[in-house]
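> Structure incoming, see below.
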Amino acid sequence: MEEKKNIRFLSGNEACGEGAIVAGCRFFGGYPISPSSEIAEFMSKRLPLAGGKFIQMEDEISSIAAVLGASLAGVKSMTATSGPGFSLMQENIGFGAMAEIPAVIVDVMRGGPSTGNPTGPSQSDVMAIRWGSHGDYPAIALCPESVNEVFLLTIEAFNIAEFLRTPVVLAMDEITAHMREKVEILGEEDVKIIKRKKPEKHPYLPYEYGEDLIPPLPGYGEGFRFHVTGLNHDKTGFPTNKSELMEEGNRRIMDKVEVNKEKIIKHEEFFTDDCEILVVAFGSSARAAKRAVRTAREKGIKAGLFRPLTLYPLSEKALRSIARKAKKVIVPEMNLGQYILIVERVIGQGIPIVGINQVDGEPITPSRILSKIEE
Amino acid sequence: MAVDYFKYLRKEKMPHIWCAGCGHGMIVKSIIRAIDKLGWKNNEIALVSGIGCSSRTPGYLDFHTLHTTHGRALAFATGIKLARPNLKVIVVGGDGDMMAIGGNHFIHACRRNIDIKLVVYNNNIYGMTGGQASPTTLTDAKATTAPYGFLEEPFDVCNMAIASGASFVGRALDLDVPLMDRVILESFKHKGFSVVDAWSQCPTYFGRFNRWGNPSEMMEKYKQITYNIRQKDQLSEEEKKGKYPVGILHQIERPEFCEKYEKLIENLKTKEEAE
């Protein structure tokens, strides 16, 4: 007899919590903020049952700080927030990137700037996710379109964070967070779980790396004493102001993502084989785009969709090769034109690239995308 | 028995970069003597700092060390302690770190009573950035951002800690080494959140701007604005006015946060097994 699947009817925020528990997350530090609060509520209930720890911190700055601290102590850790809280986290996100500490940050995007629209959907943090912290640092962001995918990509976010030893953002929007859908909850044994690489012998240098450019990381208290700082540092972990070592360190945290990119990038192609009108969309806007593409096809228009699951890094080669055959590219996003900048850079000049932009707190409808396809 | 300081120091990082006459090194030695007396092993200690002169300490001590962002040391340390409660977690910070940018984390760590040992290196100035006024700069004192004298009232670190719920609060001057040793040692023995307001002098900036003289004269000036808490009842209100008490000022028993959490996990497990 076939084993019964664990099918549940959940919101995206709940699915995110379920995914985190399966991924092995055992620490959550957070601060309430709409529309992400249900993730904190879920974790406050579930973590102690799983032997993990939840703490409601005094703000988002301390939330991400506690998460990075817990991760250094060897525990997979996560926080969840929305725009205003995400802005507050930026300095420590840079610290996590610089000190190379794995962590998962869920950003449930709502309207901005400032307090904006706390209960409406948006995709306006796309550039804040890429460039929000000062300095050059690698940004990694996953963006789910459905509740089931929230579950899977939360696990993936932990895997990438642990693998690359860096913070990873799970970028949801209010629709994927609050919408209820069917989710298949998989067990630990049914999914791939990646754990951070640990050192095997003394002497251990916390930033000594091999070909993959990723240094191993033991937990505090596991017998390897080391120093961690947000200052430019050398392989020993101690500060340096030697120019060649600063250059090497600053470049390596970027390069480690670049050299391992093929292992983490993900995208979906939908009717792209012969497509002339290419839609590039992510998150819930991609759901609307799929419907628009399908309707266009019924009308005999060769439309297709390219959907990045990793917003950063983007599957640039794949996008470029699909766009080569297209006559027009449409980028619908719930902001005033952010991801289109990336798409323009990747595809380059030659074909018209147009945006569909909406910041009224309502989702972009399939019919709006369809009209643009038909234009 | 003499303490082997190098057992706890990263020899290769010496000499330290603190200015001649700075009191920070004396606080570090007190911390080392407390650790040595308690027999804590290097491997079971995590020492966390923010940014500033005090935050050179983690580079010098051979523990699991973390030099975080400005003001956030307590928040990072909260994550470490909760994730791995068997670690002894010490946080060092300056007056700017703890009373200004990190003030929110300070009061909430006090309230939570998480078992973290905080030592505030209080020299009432921002030393690392060049002598700007801090929240503990004395009224009328000069600083690079208070060229006409500081118009504001300073925070009292200990009053702040007591009011916020810290279960151990003490203060000591680097001038009085035996007292500094006793206060830090007792704070490390304490179960719960402890705060030691450790006074240090900054002759380079604070002393120079305010013409407080050389380091020993500065120490003398600090001594004049303090009194030992044991003399509290012997001194008149007039004699205590405007002065800071030193010694162990406050110690109560209060449930510790990590222990409460572990108990919760245990209880939920028992309940689950019973069902």
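As they're listed, the protein sequences go chains A and B.
The first sequence: position 48 = 323 (our numbering), numbered continuously.
The second sequence: position 204 = 213 (our numbering), numbered continuously.
Note that CB positions come from ideal geometry on N, CA and C, so glycine has one too.
1. How long is the line joining the alpha carbons of T133 of chain B and R239 of chain B, rounded to whole angstroms?
2. Could you say which of A:L363, A:F329, A:P359, A:P627 lies nearest to M353 of chain A if we only look at CA atoms?
3. For Y69 of chain B, does the three-state DSSP call read helix, strand or coil?
4. Could you tell me which of A:A578, A:I314, A:K603 sits nearest to T429 of chain A, measuring between CA atoms?
5. Taking 8 Å as the CB-CB limit, is V342 of chain A close to chain C?
6. Which term fits V12 of chain B, buried or exposed, when burial requires 16 or more other beta carbons within 10 angstroms of its beta carbon?
7. Quick check on N51 of chain B - is its C-beta less than 8 Å from some C-beta in chain A?
8. Roughly how many angstroms lie between the CA atoms of L101 of chain B and F85 of chain B, to the nearest whole one?
9. Around the C-beta of D465 of chain A, are 16 or more other C-beta atoms found within 10 angstroms, so that it is buried, or is it exposed?
10. Taking Cβ-Cβ distances shorter than 7 Å, what residues in chain B pair up with Y614 of chain A?
11. Can you check whether the CB of N219 of chain B is closer than 8 Å to the CB of G496 of chain A?
12. Can you grab the Cα-Cα spacing for the pair A82 of chain B / A593 of chain A, in whole Å?
13. Among all the DSSP beta bridges, which residues are the ones paired with Y135 of chain B?
14. Give me the chain A residues within the contact set of F72 of chain B, using Cβ-Cβ distance strictly less than 7 Å, ordered along the chain.
15. Which two residues bound the contiguous beta strand (DSSP E) that contains Q260 of chain B?
16. Given that N237 of chain B touches chain A, what residues does it touch there, using C-beta distances under 8 Å?
17. Can you name the residues of chain B whose CB is closer than 8 Å to the CB of D334 of chain A?
18. For the stretch 26-37 of chain B, list every residue whose C-beta sits within 8 Å of some C-beta in chain A, in sequence order.
19. Helix, strand or coil for Y130 of chain B? Go by DSSP, reduced to three states.
20. Is the shortest distance between the beta-carbon of S337 of chain A and the beta-carbons of chain B less than 8 Å?
21. When burial is assigned at 16 or more other CB atoms within 10 Å of the CB, is Q398 of chain A buried or exposed?
22. So does the stretch 465-482 of chain A actually touch the stretch 498-510 of chain A, counting three or more Cβ pairs closer than 8 Å?
23. Near P514 of chain A, what residues of its chain come up, given a Cβ to Cβ distance below 8 Å and the 5 sequence neighbours on each side ignored?
24. Can you give me the Cβ contacts of G158 of chain B inside the same chain, cut-off strictly under 7 Å, excluding the 5 residues immediately before and after it?
25. Which partner residues does I41 of chain B have in the DSSP bridge list?
26. Roughly how many angstroms lie between the CA atoms of T154 of chain B and Q141 of chain B, to the nearest whole one?
27. Could you check the C-alpha separation between P419 of chain A and A446 of chain A for me, to the nearest Å?
28. What does the alpha-carbon distance come out to for the pair L56 of chain B and T87 of chain B?
29. DSSP three-state label for V178 of chain B, please.
30. Is Y17 of chain B close to chain A, meaning its C-beta is less than 8 Å from at least one C-beta of that chain?
31. According to DSSP, simplified to helix, strand and coil, what is F581 of chain A?
32. Am I right that T78 of chain B and N367 of chain A are in contact with their C-beta atoms under 8 Å? What's the rounded C-beta distance?
33. Could you pull the start and end residues of the alpha helix (DSSP H) that Q233 of chain B belongs to?
34. Quick one: any contact between the stretch 330-346 of chain A and the stretch 300-319 of chain A, if contact means 3 or more CB pairs under 8 Å?
35. With a threshold of 8 Å between beta-carbons, can F164 of chain B be considered close to chain A, or not?
36. Per DSSP, which residues does I54 of chain B bridge with? Please list them.
Taking the coordinates as given:
1. In the second sequence, the residue the question calls residue 133 of chain B occupies position 124. In the second sequence, the residue the question calls residue 239 of chain B occupies position 230. Looking at the sequence provided, one finds Asn at residue 133 of chain B rather than Thr. Their backbone Cα atoms lie some 25 Å apart in a straight line.
2. Taking the first residue of the first sequence as position 1, residue 353 of chain A is located at position 78. Of the candidates A:L363, A:F329, A:P359, A:P627, the one whose C-alpha sits nearest the C-alpha of M353 of chain A is A:F329.
3. Here residue 69 of chain B corresponds to residue number 60 of the second sequence, with the count starting at 1. DSSP places Y69 of chain B in helix when its eight states are reduced to three.
4. For this step, residue 429 of chain A is matched to residue 154 along the first sequence. The shortest Cα separation from T429 of chain A among A:A578, A:I314, A:K603 belongs to A:I314.
5. Checking the listed chains, one finds no chain C in this structure; the protein chains it contains are A and B.
6. On the second sequence, residue 12 of chain B is found 3 positions in, with the first residue counted as 1. Residue burial is scored here from C-beta neighbours: V12 of chain B has fewer than 16 other C-beta atoms within 10 angstroms and is therefore classed as exposed.
7. Mapped onto the second sequence, residue 51 of chain B falls at position 42. Closer than 8 Å to the CB of N51 of chain B there is at least one CB belonging to chain A.
8. As a working mapping, residue 101 of chain B is identified with position 92 in the second sequence. As a working mapping, residue 85 of chain B is identified with position 76 in the second sequence. First, the residue type needs correcting, since residue 101 of chain B is Val and not Leu in the sequence shown. For V101 of chain B and F85 of chain B, the distance between alpha carbons rounds to 12 Å.
9. Translated into the one-based positions of the first sequence, residue 465 of chain A becomes position 190. D465 of chain A comes out exposed.
10. The residue you call residue 614 of chain A lines up with position 339 of the first sequence. The premise fails here: Y614 of chain A is roughly 29 Å from chain B at the closest Cβ pair, so nothing lies under 7 Å.
11. Residue 496 of chain A sits at position 221 when you count from the first residue of the first sequence. Residue 219 of chain B sits at position 210 when you count from the first residue of the second sequence. If you check the CB distance, G496 of chain A and N219 of chain B do not come in under 8 Å.
12. For the purposes of this step, residue 82 of chain B is taken as residue 73 along the second sequence, with counting starting at 1. For the purposes of this step, residue 593 of chain A is taken as residue 318 along the first sequence, with counting starting at 1. Taking the straight line from one Cα to the other gives about 43 Å.
13. Your numbering for residue 135 of chain B matches position 126 in the second sequence. According to the DSSP secondary-structure assignment, Y135 of chain B is paired through a beta bridge with B:Q141.
14. Locating residue 72 of chain B in the second sequence gives position 63, counting from the first residue. Per Cβ cutoff of 7 Å: R500.
15. Looking up residue 260 of chain B in the second sequence gives position 251. Unbroken beta strand (DSSP E) run through Q260 of chain B: 253-260.
16. One-based indexing of the second sequence puts residue 237 of chain B at position 228. Result: empty, since nearest Cβ-Cβ is about 34 Å, beyond 8 Å.
17. By one-based count along the first sequence, residue 334 of chain A stands at place 59. Chain B residues near D334 of chain A: N113.
18. Listed by position along the chain: nothing, the set is empty.
19. Residue numbering aside, residue 130 of chain B sits at position 121 when the second sequence is read from its first letter. Strand.
20. Sequence index remark: in the first sequence, residue 337 of chain A carries index 62 (1-based). Answer yes: the Cβ-Cβ gap between S337 of chain A and chain B drops below 8 Å somewhere.
21. Residue 398 of chain A sits at position 123 when you count from the first residue of the first sequence. Of the other Cβ atoms in all chains shown, 16 or more fall within 10 Å of the Cβ of Q398 of chain A; this residue is therefore buried.
22. Segment contact: the stretch 465-482 of chain A against the stretch 498-510 of chain A, three or more CB-CB distances shorter than 8 Å; contact assigned.
23. Residue 514 of chain A sits at position 239 when you count from the first residue of the first sequence. Excluding positions up to five away in sequence, the list reads T504, L506, N507, H508.
24. Residue 158 of chain B sits at position 149 when you count from the first residue of the second sequence. The answer, listed in chain order, is D149, A150, K151.
25. By 1-based counting over the second sequence, the position of residue 41 of chain B is 32. In DSSP, I41 of chain B forms no bridge with anything.
26. Stepping through the second sequence from its first residue, residue 154 of chain B is reached at position 145. Stepping through the second sequence from its first residue, residue 141 of chain B is reached at position 132. Their Cα atoms are separated by approximately 5 Å.
27. Position 144 of the first sequence holds residue 419 of chain A. Position 171 of the first sequence holds residue 446 of chain A. Cα to Cα, P419 of chain A sits roughly 7 Å from A446 of chain A.
28. Reading the second sequence from its first residue, position 47 is the one you call residue 56 of chain B. Reading the second sequence from its first residue, position 78 is the one you call residue 87 of chain B. Rounded to the nearest angstrom, the two C-alpha atoms are 12 Å apart.
29. One-based indexing of the second sequence puts residue 178 of chain B at position 169. Of the three classes helix, strand and coil, the one that applies to V178 of chain B here is strand, per DSSP.
30. Mapped onto the second sequence, residue 17 of chain B falls at position 8. It does not; no Cβ of chain A falls within 8 Å.
31. Residue numbering aside, residue 581 of chain A sits at position 306 when the first sequence is read from its first letter. Here F581 of chain A sits in strand by DSSP.
32. Translated into the one-based positions of the second sequence, residue 78 of chain B becomes position 69. Translated into the one-based positions of the first sequence, residue 367 of chain A becomes position 92. Right, the Cβ-Cβ distance comes to about 6 Å (below 8 Å), so this counts as a contact.
33. Start at 1 with the first residue of the second sequence, and residue 233 of chain B comes out as number 224. Membership of Q233 of chain B in the alpha helix (DSSP H) is indicated by the continuous run 224-233.
34. A contact between stretches requires three or more CB pairs, one per stretch, nearer than 8 Å, and the stretch 330-346 of chain A meets this requirement with the stretch 300-319 of chain A.
35. If you number the second sequence from 1, residue 164 of chain B lands on position 155. At least 8 Å separates the CB of F164 of chain B from every CB of chain A.
36. In the second sequence, the residue the question calls residue 54 of chain B occupies position 45. DSSP lists B:K97 as the beta-bridge partner residues of I54 of chain B.
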